[in-house]
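Below is one structure; the comments refer to it alone.
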Amino acid sequence: EIQCGGCEKKYYGETSRGLEKRIKKHKSDLGHNRESNSIVVHAMKHGHVPAWKHARSIHTGMEKRKIKITEAGYIITGASTNHREGFVKLSKVAARLVVAAAVRRESGSQSANSIPRRPARCVRGGEYKRLSARSRQSL
16 EIQCGGCEKK YYGETSRGLE KRIKKHKSDL GHNRESNSIV VHAMKHGHVP
66 AWKHARSIHT GMEKRKIKIT EAGYIITGAS TNHREGFVKL SKVAARLVVA
116 AAVRRESGSQ SANSIPRRPA RCVRGGEYKR LSARSRQSL
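In the numbering used here, the protein residues as written are 16 to 154.
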C-alpha cells in the first residue's frame, strides 16, 4: 500500500520481490514516465507524488492466488490510484468480504476460512432449544 502524498488515495499492489525492491521499481517508472504504472498515471494526471515513507506491506505470507484476489479486493473497495481493477474481477460485495477475511487472517482472530457457527439446536416438543456446551459434547 502506497499513500498518495497529495490526496487520500492509495496504490495497492502485490509483489513477491519485497517492498524495497518494488518501491525502487515504482520510482524508476515515475522517473521514466512509464504510463503502464498506476502511480505514474496518477502523478501525471493530478501532479501528486507518492508518500514513499508511508509505504507498507499490508499482508504477508499469502499464497499467490490469495494475494491476487486480496489485491483486487482492496482496489475495488478503497479510494485507489490503480487504473486497473487487478487480475481478478470481483463485485463490490465480494471485494468487501475478501478484504474482511484478509484482515481477520492477519489479525489472527477467527480463521478466514471458517464460517461462524451458531450453537447447535435440537427440537423437543415442537420447539427449538439451544443446547449447552455440555449437551453438545455428549452428542
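Just so you know, even glycine gets a beta-carbon here, dropped at the ideal spot from N, CA and C.
Kindly indicate the opening and closing residues of the alpha helix (DSSP H) around residue i.
i, result
"E121", "K107 to S122"
"M59", "S53 to H61"
"Y89", "K79 to T92"
Using a Cβ-Cβ cut-off of 7 Å (strictly less than) and excluding sequence neighbours within five positions of residue i, which residues of its own chain qualify?
i, result
"I82", "E29"
"E121", "H74"
"V55", "D44, L45, N48 and R49"
For residue i, which residues from the same chain have a beta carbon less than 6 Å from its beta carbon, with the 5 sequence-adjacent residues on both sides left out?
i, result
"R32", "none"
"R99", "none"
Does DSSP classify residue i as helix, strand or coil?
i, result
"I38", "helix"
"S95", "strand"
"K104", "coil"
"K24", "coil"
When the Cα of residue i is compared with those of the options, which residue comes out closest?
i, options, result
"H63", "I17, G101 and G123", "I17"
"K60", "S106, K39, I73 and C19", "C19"
Given residue i, which residues of its chain have a CB within under 8 Å of its CB, disregarding the five upstream and five downstream residues?
i, result
"A87", "E100, G101, F102, V103, K104, L105, A110 and V113"
Touch check for the segment 25-40 and the segment 88-96: three-plus C-beta pairs under 8 Å? yes
Does the count of Cβ pairs from the segment 107-115 and the segment 60-72 closer than 8 Å reach three? no
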